[in-house]
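S.K.: These protein sequence lines are chains B and E, in that order. When we follow the working numbering, the leftmost residue of the first sequence carries the number 1, and every step to the right adds one. When we follow the working numbering, the leftmost residue of the second sequence carries the number 136, and every step to the right adds one. Here a beta-carbon is modelled for each residue, glycine too, at the ideal position from N, C-alpha and C. Small disclaimer: the values here were computed from a predicted structure and weren't measured.
Number of protein chains: 2
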Amino acid sequence: MKKAVEILNKSNIRPTLQRINILNVILKYKNHMSAEDIYKILQRETPTISRATVYNTLNLLSKNGILAEVITPDSVRYDYVEKFHHHFYCEKCKKVYDIHDEFSVPNIKKIDGHIVKNIQYCIVGICKNCLNGGE
Amino acid sequence: MKKAVEILNKSNIRPTLQRINILNVILKYKNHMSAEDIYKILQRETPTISRATVYNTLNLLSKNGILAEVITPDSVRYDYVEKFHHHFYCEKCKKVYDIHDEFSVPNIKKIDGHIVKNIQYCIVGICKNCLNGGE
DNA sequence: ACCTCTTTTAGACATTGTCTAAAATTATTA
DNA sequence: TAATAATTTTAGACAATGTCTAAAAGAGGT
Ligand SMILES: [Mn+2]
Ligand SMILES: [Mn+2]
Ligand SMILES: [Zn+2]
Ligand SMILES: [Zn+2]
């Protein structure tokens, strides 16, 4: 597991305790978690952590390309991406699955005069597990 | 403007007053509105309309292929689509723009054992208008 | 130590969406 | 028509997700 501090330093982000903890949660659980998920997990160890810090930090890390924002119909999930891939969202259990098929995504910086900052597939359906009765 | 009643009848959906009103709002304003937007508009004329009815109806119309669900980072928007197209979401003003460039989207029914019900691009950035100061 | 800039905190607030039990409406049967 | 059954709507509580602000805390430079 890569060191959170190194990752932050490389992007010139001051490695505060809170930022390290937030990043470590993502590096440890590889679950495509929402900000709320991460907030709840951190609260167990550090009850003083602020919701605002979690949201601010996740935004900061995304803007610096450290995390990918995975857009789903109910929340944004965060992913530390080492190799590019797509995602599948199950509308039943709300889990996000990695998809390693290489669908191409247009590489555009601008369209119709709008600046594109993020383009991704949103693939929604019912997952394998839920189809089999889900546990 | 197509008749809401006709559209509902064609899909064998009982054309109740509420459903007609909801569909008419979408046909009239072509704004990629959220359920909440539609709810607020209807409340002005019919204060007894229920939030649950709006959400239930939009789900029903989507499941029947009458409306497209446009997924954005903050809400699902509804679109009556006559000609297929993509969408751009401005993270500043939260407006959704039609994109008529024909990026291809993989036509998959299943992937890794998961059933795909909906696949779309999610294109996020800053719109033309906001780049020019917004208004 | 002092000043400044950055970061975090606490908590209110806003927005979006789900759920349920009761009421109202519509369709079917007798 | 009257009784019954099925569908639809309502009201409002609740849950989940995200934003905002003013004050406090912390870090770095002089
Ligand atoms: Mn992933
Ligand atoms: Mn559209
Ligand atoms: Zn599932
Ligand atoms: Zn904009």
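1. Cα separation between Y80 (chain B) and L177 (chain E)?
2. Taking H130 (chain B) and K92 (chain B) to be in contact with their CB atoms under 8 Å, please state how far apart those CB atoms are, rounded to whole angstroms.
3. Looking at the secondary structure, which residues open and close the alpha helix (DSSP H) in which I161 (chain E) lies?
4. Could you tell me which chain E residues have their CB closer than 8 Å to the CB of Y55 (chain B), listed as they occur along the chain?
5. So, with DSSP's three-state summary, where would you put D172 (chain E)?
6. Is the CB-CB distance between D209 (chain E) and K230 (chain E) below 8 Å?
7. Which residue comes first and which comes last in the beta strand (DSSP E) that contains G258 (chain E)?
8. Within 7 Å: the Cβ of N129 (chain B) and any heavy atom of ligand 3?
9. Strictly closer than 5 Å from CB to any heavy atom of ligand 2: give me those residues in the order they appear in the chain.
10. Using a Cβ-Cβ cut-off of 8 Å, state whether V259 (chain E) counts as contacting chain B.
11. For chain B, check one thing: does any of its Cβ atoms lie closer than 8 Å to the Cβ of V216 (chain E)?
12. Could you please tell me which residues of the stretch 82-98 of chain B, in chain order, have their CB closer than 8 Å to any CB of chain E?
13. I think T192 (chain E) touches I157 (chain E), with their Cβ atoms under 8 Å apart; what is that distance to the nearest whole Å?
14. Taking V121 (chain B) as the query, report the chain E residues whose CB atoms sit under 9 Å from its CB, ordered along the chain.
15. Rounded to whole angstroms, what's the CA-CA distance from N199 (chain E) to V240 (chain E)? Just pull it up for me.
16. To the nearest angstrom, report how far apart N267 (chain E) and H114 (chain B) are at their CA atoms.
17. For the stretch 174-199 of chain E, enumerate the residues whose C-beta is nearer than 9 Å to any C-beta of chain B, in chain order.
18. Would you mind working out which of B:P47, B:Y78, B:K117, B:F88 sits nearest K244 (chain E), comparing C-alpha positions?
19. Identify every residue that forms a DSSP beta bridge with F219 (chain E).
20. Output yes if chain E places a C-beta closer than 8 Å to the C-beta of G138 (chain B); else output no.
21. Let me see if you follow: with CB-CB separation under 8 Å, is D172 (chain E) close to chain B or not?
22. Is it the case that the Cβ atoms of N159 (chain E) and V124 (chain B) are separated by a distance below 8 Å?
23. Against I71 (chain B), what residues of chain E qualify as contacts under a CB-to-CB distance less than 7 Å, listed in chain order?
24. So is T46 (chain B) buried or exposed if we call it buried at 16+ other beta carbons inside 10 Å?
25. Which chain B residues are close to V140 (chain E), counting only those with a beta carbon under 7 Å from its beta carbon?
26. What three-state label does DSSP hand I108 (chain B) in the structure shown?
27. For L266 (chain E), would you say it is in contact with chain B, using Cβ-to-Cβ distances shorter than 8 Å as the test?
28. Please determine whether the Cβ atom of G65 (chain B) lies at a distance below 7 Å from any heavy atom of ligand 3.
M.R.: According to the structure shown:
1. Whole-angstrom Cα-Cα distance: 42 Å.
2. What sits at residue 130 (chain B) in the sequence shown is Cys, not His. Confirmed, Cβ separation roughly 4 Å.
3. Counting along the chain, the alpha helix (DSSP H) containing I161 (chain E) begins and ends at 152-163.
4. Those do not exist, as Y55 (chain B) stays about 13 Å from chain E at its closest Cβ, beyond 8 Å.
5. helix
6. no
7. Note on residue identity: the sequence assigns Ile, not Gly, to residue 258 (chain E). Run containing I258 (chain E): 249-261, per the beta strand (DSSP E) assignment.
8. yes
9. That query returns the following residues: E:D214, E:D233.
10. The beta carbon of V259 (chain E) falls within 8 Å of a beta carbon belonging to chain B, placing the residue at that interface.
11. no
12. F88, C90, E91, Y97
13. 5 Å
14. Note that residue 121 (chain B) is Tyr in the sequence shown here, rather than Val. Within chain E, the residues near Y121 (chain B) are V240, P241, I254, Q255, Y256, C257.
15. 21 Å
16. Rounded to whole angstroms, the separation of the alpha carbons of H114 (chain B) and N267 (chain E) is 10 Å.
17. none
18. Of all alpha-carbon atoms in B:P47, B:Y78, B:K117, B:F88, the one lying nearest the alpha-carbon of K244 (chain E) is that of B:F88.
19. For F219 (chain E), which the question treats as bridged, DSSP gives no partner whatsoever.
20. Because residue 138 (chain B) is not part of the residues shown, which for chain B are 1 to 135, the question remains open.
21. Interface criterion not met: the Cβ of D172 (chain E) is under 8 Å from no Cβ in chain B.
22. If you check the CB distance, N159 (chain E) and V124 (chain B) do not come in under 8 Å.
23. I206, P208, C257
24. exposed
25. Within 7 Å Cβ-Cβ: nothing; V140 (chain E) doesn't reach chain B, min ~29 Å.
26. coil
27. yes
28. no
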